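Numbering (full-length UniProt numbering), first residue to last: 1 to 113.
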């Protein structure tokens, strides 16, 4: 299987069980919109309770479970950039250069409360 992300793998598992997004979402206890966004990579992974419901709903094998956990770990380490920030960076590409310069110089941004 090619290098899938968590959401893509989840979609593969769901489709291999001939379940619709609506059916699986209902079984897990989440909205179909949330599940759809998760499959497209727009949402983080499920919490432990919902993940257990997912495993049960899909009758996940041990091998599939290991793969799902591995991919979930990658997602949990990923930073999701909000759409407005992404659009701003795309409109102002010099920002990327400034970030690279800051990284080279070892500059860090401090967030104050």
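From the three backbone atoms N, C-alpha and C, an ideal C-beta is built for every residue, glycine too.
As the structure is a prediction and not an experimental result, all values here were calculated from the model.
**Prompt:** Taking contact to mean at least 3 C-beta pairs separated by less than 8 Å, is the segment 66-75 in contact with the segment 100-108?
**Reply:** Because the criterion of three Cβ pairs below 8 Å is not met, the segment 66-75 and the segment 100-108 do not touch.
**Prompt:** Do residue 19 and residue 38 come within 9 Å of each other at the CB atom, strictly closer than that value?
**Reply:** No.
**Item:** With 16 other Cβ atoms within 10 Å as the buried cut-off, status of residue 85
**Value:** Counting Cβ neighbours within 10 Å, residue 85 comes out exposed, since fewer than 16 surround it.
**Message:** Let's test the definition: count the other Cβ atoms within 10 Å of the Cβ of residue 6 and tell me whether it reaches 16, buried, or not, exposed.
**Reply:** That one is buried.
**Asked** Which residues bound the alpha helix (DSSP H) around residue 108?
**Response** Looking at the DSSP string, residue 108 is not in any alpha helix (DSSP H), and its letter there is neither H nor E.
**Request:** Quick one: grab the DSSP three-state call for residue 16.
**Result:** The answer is helix: DSSP assigns residue 16 an H, G or I state.
**Buried/exposed call for residue 80, threshold 16 Cβ in 10 Å** = Its Cβ having fewer than 16 others within 10 Å, residue 80 is exposed.
**Message:** So, for residue 17: in the same chain, excluding its five sequence neighbours on each side, which residues have a beta-carbon less than 6 Å away from its beta-carbon?
**Reply:** Counting only Cβ-Cβ distances below 6 Å, and skipping sequence neighbours, we find 58.
**Prompt:** Around the C-beta of residue 4, are 16 or more other C-beta atoms found within 10 angstroms, so that it is buried, or is it exposed?
**Reply:** By the neighbour-count rule (16 or more Cβ atoms within 10 Å), residue 4 is not buried but exposed.
**Prompt:** Does DSSP classify residue 36 as helix, strand or coil?
**Reply:** Judged by DSSP in its simplified three-state form, residue 36 adopts helix.
**Request:** Quick one: residues in its chain with C-beta nearer than 8 Å to the C-beta of residue 34, no 5 flanking neighbours on either side, listed in chain order?
**Result:** If we look at residue 34 and ignore the five residues flanking it on each side, its Cβ neighbours are 25 and 43.
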